[in-house]
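> Handing you a structure now.
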Amino acid sequence: MKNKTIHVALAGNPNSGKTSIFNALAGANQKVGNFSGVTVEKVEGTFKHKGFNIRLIDLPGTYSLSPYSPEEKVARDYILNEKPDMVVNIVDATNLERNLVLTTQLMDLEVELLVVMNMIDEVQKQNIQIDFNQVEQLFGAHVIPASAVTKEGIENLLDHIIQTKSGDIETIKHKHTYTENIENDILELSELIENRKIAQDLPTRWMAIKIIEKDPDIVKLLSSRPYWDEIESKYNKIKDRIFKAHQGKEPKVHLSEERLAFINGAIRETVVFPEDEPESLTEKIDNVLLHKFFGLPIFLLIMYLIFQLTFRLGEYPMQWIDGLFQSLTHWLDAIIPASMIKSILLDGVIAGVGGVLVFLPNIIILFLCISTLEATGYMARVAFVVDKLMHRIGLHGKSFIPMISGFGCSVPAIMAARTLRNRGDRLTTMMVIPFFSCGAKLPVYTVIISAFFAPSAAGNVLFAVYLFGIFIALISAKLLRKAVFHDESEPFVMELPPYRRPSAYSMAKQTWFRAWMYIKKAGTVILLASVIIWFAGSYPKNAEVAQKYEQLRQVENANIESLNRLERSEQLSYSAIGRIGKFLEPISKPLGFDWRLNIALVNGLAAKEIVVSTMGTIYAIGETGEESKTLAESLRSDPDYSQAVGLSFMIFVLLYIPCIATVAVFLQESRSKLWTIVFVAYTLIVAWIASFGVYNISRLFGL
Amino acid sequence: MENEHKQQASIPLSQAEVGKRYQVVSVKAKGAVNQRMLDMGLVPGTRLWVLRYAPLGDPIEIRIRHFLMSLRKDEAKDVEVIDIGFNKGQGQCKGHRGGWGRLKKRKINEK
Numbered sequence: 000m001k002n003k004t005i006h007v008a009l010a011g012n013p014n015s016g017k018t019s020i021f022n023a024l025a026g027a028n029q030k031v032g033n034f035s036g037v038t039v040e041k042v043e044g045t046f047k048h049k050g051f052n053i054r055l056i057d058l059p060g061t062y063s064l065s066p067y068s069p070e071e072k073v074a075r076d077y078i079l080n081e082k083p084d085m086v087v088n089i090v091d092a093t094n095l096e097r098n099l100v101l102t103t104q105l106m107d108l109e110v111e112l113l114v115v116m117n118m119i120d121e122v123q124k125q126n127i128q129i130d131f132n133q134v135e136q137l138f139g140a141h142v143i144p145a146s147a148v149t150k151e152g153i154e155n156l157l158d159h160i161i162q163t164k165s166g167d168i169e170t171i172k173h174k175h176t177y178t179e180n181i182e183n184d185i186l187e188l189s190e191l192i193e194n195r196k197i198a199q200d201l202p203t204r205w206m207a208i209k210i211i212e213k214d215p216d217i218v219k220l221l222s223s224r225p226y227w228d229e230i231e232s233k234y235n236k237i238k239d240r241i242f243k244a245h246q247g248k249e250p251k252v253h254l255s256e257e258r259l260a261f262i263n264g265a266i267r268e269t270v271v272f273p274e275d276e277p278e279s280l281t282e283k284i285d286n287v288l289l290h291k292f293f294g295l296p297i298f299l300l301i302m303y304l305i306f307q308l309t310f311r312l313g314e315y316p317m318q319w320i321d322g323l324f325q326s327l328t329h330w331l332d333a334i335i336p337a338s339m340i341k342s343i344l345l346d347g348v349i350a351g352v353g354g355v356l357v358f359l360p361n362i363i364i365l366f367l368c369i370s371t372l373e374a375t376g377y378m379a380r381v382a383f384v385v386d387k388l389m390h391r392i393g394l395h396g397k398s399f400i401p402m403i404s405g406f407g408c409s410v411p412a413i414m415a416a417r418t419l420r421n422r423g424d425r426l427t428t429m430m431v432i433p434f435f436s437c438g439a440k441l442p443v444y445t446v447i448i449s450a451f452f453a454p455s456a457a458g459n460v461l462f463a464v465y466l467f468g469i470f471i472a473l474i475s476a477k478l479l480r481k482a483v484f485h486d487e488s489e490p491f492v493m494e495l496p497p498y499r500r501p502s503a504y505s506m507a508k509q510t511w512f513r514a515w516m517y518i519k520k521a522g523t524v525i526l527l528a529s530v531i532i533w534f535a536g537s538y539p540k541n542a543e544v545a546q547k548y549e550q551l552r553q554v555e556n557a558n559i560e561s562l563n564r565l566e567r568s569e570q571l572s573y574s575a576i577g578r579i580g581k582f583l584e585p586i587s588k589p590l591g592f593d594w595r596l597n598i599a600l601v602n603g604l605a606a607k608e609i610v611v612s613t614m615g616t617i618y619a620i621g622e623t624g625e626e627s628k629t630l631a632e633s634l635r636s637d638p639d640y641s642q643a644v645g646l647s648f649m650i651f652v653l654l655y656i657p658c659i660a661t662v663a664v665f666l667q668e669s670r671s672k673l674w675t676i677v678f679v680a681y682t683l684i685v686a687w688i689a690s691f692g693v694y695n696i697s698r699l700f701g702l
Numbered sequence: 000m001e002n003e004h005k006q007q008a009s010i011p012l013s014q015a016e017v018g019k020r021y022q023v024v025s026v027k028a029k030g031a032v033n034q035r036m037l038d039m040g041l042v043p044g045t046r047l048w049v050l051r052y053a054p055l056g057d058p059i060e061i062r063i064r065h066f067l068m069s070l071r072k073d074e075a076k077d078v079e080v081i082d083i084g085f086n087k088g089q090g091q092c093k094g095h096r097g098g099w100g101r102l103k104k105r106k107i108n109e110k
């Protein structure tokens, strides 16, 4: 019996504490992947208990096992196809009526079922009494009271899993019985299924029930088979009977009602609620937080706080990280002799690693905020408060936080989109996040605006650029919804979970988990890309130019620093990026960009902060920052440039791929190469079209 | 009591008044929304309390069985309900239009 592996799937409603139980069981040994074929996250953990290997799969949280949403389909298909040894159903014991719906559906599947009544500490606090033995009898599954918070029952659950597998515990396999008429129908259909060997390896009884419910997946599976007519005529007979007997109800509705009636009956027999139910705290809090007049200001205040915490407070640790890498660079600069290796190490690798790590404070703070919102229950209220606005552009209320985070930085914003459970909602949100102008683009606008616009107009121009981004985001969201994800939307019918005190430990753990995933996955891609961009910007070098400057440096009183700058500027045009810039001129001319601006844009792929410094290099201006005024001056005095070019350039910077880090995170979060390519192509095409329009229209106005 | 309800004209849940109790008479929603409603227990016969509309007027927050849920007006318009008045025994709740109004004490499992 030693070293046997037990394959366990965790199923349960959203907000049932499924993930907390998973964490309590699996500890740190988690692997995140994807369920095959779909972008629904699959969290898996393996651990040992008393000599057994337990492989635990955290199925997506679902209210049911209908085939209507990707999550539900994943959960159901997993149980049907992968056939786990056991399904552990996590149930919120304070809310049995709704949670047990899923339990009855699992019973229909006739799996080895173990019911965990989670939040048992809450139940005791609320003075609700549950007769667990009776529940076991009614549901034909072992029931384990537990609490992920107090860790009560966790050990017992583990022992149970093992004892059930090794046969020490025999479960009373009890199916959920419907009313007599329905049971007869099920029996008849089951016989048909058995005789015709229709079921293959699907459970017969379940299939019969699904035929009565006219489950679209089962219909699809069977409708091409020769015996379909026979099944259909049986179905029609059953439907007519139910229709007549129950005032025109559809069989599916009728079966759901029977399940609910069974649950209600079971609860009446097993649960005693306190005689005098106190006014629930959750409703008291909702009265304030969702208040007709104060609800919106409170919401805006909370959003403002999150934004400030993430991007203002986050600035300090970002500066520390930046400073740390700068001193590391200085230190290495001093001790390593000049060579190509040194250049790769300092300007490529260390700059690259720094570029990855610098986002960490943002990610960590934003995720702490988001997991606080989720754990307390306010996240569902966020959706409740802004859904009306978001719904207009075809999105879910929960898209709001990722979207506004985009104004700070697209990287944590795209990661924040994981609060959206629906794939269509999530991908649409992720696609439009870059159009919310991030903090790194601001210096570009500042330089361009001070170069081409009067100080009095500066504020208006900047505001217009931001508004234009929001406008493009809203249009894109609407477009994507209409064209691609038209039938994929999460119904808003959802629970507003009770307010709960978040557990600091699990929040810290989740946040760290996300941060670590970012470092591991995105880190490698960003690092590689930074090194490539560094190479492309430095090589090949032109030997003649190098020689010319070498000679100039030998001259007495030569300003070495200025010469170095001029050399870098001249060499840049010979480098791969310089060549790409020239190569791209035919496409960029209609937007008013010459090859020099192209170089800045290509370099800007690494990070938008680099756009300004690259322009500084091109124009051979010293370190950017305090001297960016001179950059503005040289842009202004350049006869090739005009206000039209400036506007066009800002619009392009606003809309095209924010940076390599964003693309890496998009790939990590969407887990789809195709969608990542679409993302890159879409932002580029939109940027080109918008800049083309802006450039030509402003030229019409003589700018 | 059942007969009394039948005589009353039903209204869509999207037009329900805050602070009142209703009983579901029919659900006409389709597809995923319909399934979700079934799974949440929003079926004919279920009683619910309308707690509030969101500050912008949509969605609606209701209390059903032992939990709070929200749904868009667009989804709620397919749920026909009848008015079963304010919470019995507790009189009317005050200022139910203002948002502060709430029902003082609720017995969930009424016979």
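Chains as they are written, first to last, in numbering that gives the first Met the number 0: chain C, 0 to 702; chain S, 0 to 110.
Note that CB positions come from ideal geometry on N, CA and C, so glycine has one too.
Note that the structure is predicted; figures quoted are calculated from it, not measured.
(1) Is there at least one Cβ from chain C nearer than 8 Å to Gly88(S)'s Cβ?
(2) Assign Glu626(C) to one of two classes, buried (16 or more other C-beta atoms within 10 Å of its C-beta) or exposed (fewer than that).
(3) Report the option in Ala265(C), Ile335(C), Ser326(C), Met339(C) whose CA atom is closest to the CA atom of Gly353(C).
(4) Does DSSP classify Pro11(S) as helix, strand or coil?
(5) Against chain C, does Gln34(S) count as a neighbour if the rule is that its beta carbon must be under 8 Å from one of theirs?
(6) Between the alpha carbons of Arg567(C) and Thr661(C), how many angstroms are there, rounded?
(7) Quick one: is Arg391(C) buried, meaning 16 or more other Cβ sit within 10 Å of its Cβ, or exposed?
(8) How should His253(C) be labelled, buried or exposed, when 16 other C-beta atoms within 10 angstroms of its C-beta is the threshold for buried?
(9) Go through the stretch 128-198 of chain C residue by residue and report every complete run of the beta strand (DSSP E) that reaches 3 residues or more, in order.
(10) Quick one: is Glu268(C) buried, meaning 16 or more other Cβ sit within 10 Å of its Cβ, or exposed?
(11) Nearest chain C C-beta to Ser69(S) closer than 8 Å, yes or no?
(12) Which of helix, strand or coil does DSSP assign to Phe582(C)?
(13) Rounded to whole angstroms, how far is the Cβ of Asn98(C) from the Cβ of Val90(C), which I believe are closer than 8 Å?
(14) For Trp674(C), count neighbouring Cβ atoms within 10 angstroms of its own Cβ and tell me buried if that reaches 16, exposed if not.
(15) Check the C-beta distance from Thr42(S) over to Glu74(S) and give it rounded, since I have them as a contact under 8 Å.
(16) Let me know the alpha helix (DSSP H) ranges lying completely inside the stretch 217-284 of chain C, each 4 residues or longer, listed in chain order.
(17) So which residues on chain S does Thr281(C) lean against when the C-beta distance must stay under 8 Å?
(18) How should Leu64(C) be labelled, buried or exposed, when 16 other C-beta atoms within 10 angstroms of its C-beta is the threshold for buried?
(19) State the DSSP-derived secondary structure class of Glu625(C), mapped to helix, strand or coil.
(20) Output the boundary residues of the beta strand (DSSP E) element that contains Gly11(C).
(21) With DSSP as the reference, label Val49(S) as helix, strand or coil.
(22) How many whole angstroms separate the CB atoms of Asp386(C) and Arg71(S), which I take to be in contact at a CB cut-off of 8 Å?
(23) Would Asp38(S) pass as an interface residue toward chain A - the criterion being a Cβ-Cβ separation below 8 Å?
(24) Nearest to His141(C) by CA position, among Val122(C), Asn558(C), Ser404(C), Met106(C), is which residue?
(25) Please name the residues in the stretch 60-72 of chain C whose beta-carbon is closer than 7 Å to at least one beta-carbon of chain S, in chain order.
(26) Using a Cβ-Cβ cut-off of 8 Å, state whether Val24(S) counts as contacting chain C.
(27) Quick check on DSSP: helix, strand or coil for Met317(C)?
(28) Which residue or residues does DSSP assign as beta-bridge partners of Thr45(C)?
(29) With the cut-off set at 8 Å, would you say Asp38(S) and Tyr62(C) are in Cβ contact?
(30) With 16 as the cutoff for other CB atoms within 10 Å, does His329(C) come out buried or exposed?
(31) If distances are taken between C-alpha atoms only, which option among Ala147(C), Asp84(C), Leu108(C) comes closest to Gly26(C)?
(32) Report the CB separation of Leu604(C) from Cys658(C) in whole angstroms; it is logged as a contact under 8 Å.
(33) Would you kindly work out how many angstroms separate the C-alpha atoms of Ala686(C) and Leu590(C), rounded to a whole number?
(34) Assuming Val530(C) and Gly351(C) form a contact by the criterion Cβ under 8 Å, report the distance between their Cβ atoms to the nearest whole angstrom.
(35) Can you tell which of Glu70(C), Pro336(C), Pro66(C), Pro442(C) has its C-alpha closest to the C-alpha of Pro59(C)?
(36) Look at the alpha carbon of Met414(C) and the alpha carbon of Val348(C), and state the distance between them as a whole number of angstroms.
Taking the coordinates as given:
(1) Confidence is the limiting factor: at Gly88(S) the pLDDT is only 39, short of 50, which leaves the residue's position unreliable, though a coordinate-based value still follows. Chain C contact via Cβ: absent.
(2) Caution applies to Glu626(C), whose pLDDT of 48 falls short of 50 and renders its modelled position unreliable; the model cannot decide the point.
(3) Ser326(C)
(4) strand
(5) yes
(6) 28 Å
(7) exposed
(8) buried
(9) 141-144
(10) exposed
(11) yes
(12) helix
(13) 4 Å
(14) buried
(15) As written in the sequence, residue 42(S) is Val, which differs from the Thr given in the question. With a Cβ gap of about 15 Å, Val42(S) and Glu74(S) do not count as contacting.
(16) 227-244, 250-269
(17) Leu67
(18) buried
(19) Confidence in Glu625(C) is poor, its pLDDT being 48 and thus under 50, which makes the residue's placement unreliable; the coordinate value appears in the next sentence. Glu625(C): coil per DSSP, three-state reduction.
(20) 4-11
(21) strand
(22) 7 Å
(23) Although the question refers to chain A, the structure presented lacks it and instead comprises the protein chains C and S.
(24) Met106(C)
(25) Tyr62, Ser63, Ser65, Tyr67, Ser68
(26) no
(27) helix
(28) Arg54(C)
(29) yes
(30) exposed
(31) Ala147(C)
(32) 7 Å
(33) 10 Å
(34) 6 Å
(35) Glu70(C)
(36) 24 Å
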